[in-house]
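Following numbering that gives the first Met the number 0, the numbering of the sequence shown begins with 0 at its first residue and continues without gaps.
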Amino acid sequence: MGVVCRDGHGNLAAGTSTGGMTNKRWGRVGDSPVIGAGTYADNRTCAVSATGDGEYFIRLGVARDISALMDYRALTVQEAADQVIRKVTDLGGEGGVVAMDRDGNVAFSFNTPGMYRGYLKQNGQPVTAIYRD
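Here it is, written out as structure tokens:
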């Protein structure tokens, strides 16, 4: 489970927990506790929380990479998230991210059939989804 948010002062935060992996190797560490892989926040760019095949997210530094693409290439949060999830796909991994930029724009990107997600619009209206539509 992951969350990204922006407070009234414009500070960004991200949090990520994991359901774990069935039959994992003893001592395996997934991407959730690895800052820059499964979780990252930078007030200058975005906050990101990731879910999926942790080994791929760690190898690519997925959460930090999204922020870096926004910083160095001036991509939107959605463009950066989509580009990084394509990298995960190219390596053979599955998963997705929730992200929010410094202006409060949300992005979801995933390469699986669905990903549970939700957010509040500025007017407080909740939006939830599972599949792409």
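Even for Gly, the Cβ is constructed at its ideal location relative to N, Cα and C.
All values reported here derive from a predicted model rather than from experimental measurement.
Residue i burial status per 10 Å Cβ neighbour count (16 or more: buried)
i: V87; result: buried
i: T111; result: exposed
Extent of the continuous alpha helix (DSSP H) run through residue i
i: T88; result: V76 to L90
The beta strand (DSSP E) enclosing residue i, as first and last residue numbers
i: G103; result: No beta strand (DSSP E) contains G103, which DSSP labels as neither H nor E.
i: S48; result: C45 to G51
Presumed contact (8 angstroms Cβ cut-off) between residue i and residue j, rounded CB distance
i: A62; j: Y39; result: 4 angstroms
i: D41; j: S66; result: 5 angstroms
i: G51; j: E93; result: 5 angstroms
i: C45; j: M114; result: Between M114 and C45 the Cβ distance is about 18 angstroms, and since that is not below 8 angstroms, they are no contact.
Beta-carbon contacts of residue i that lie in its chain and below 6 angstroms, excluding the five residues immediately before and after
i: F56; result: D30, A36, G37 and A49
Simplified DSSP state of residue i, which is helix, strand or coil
i: V97; result: strand
i: V61; result: helix
i: S31; result: coil
i: R131; result: coil
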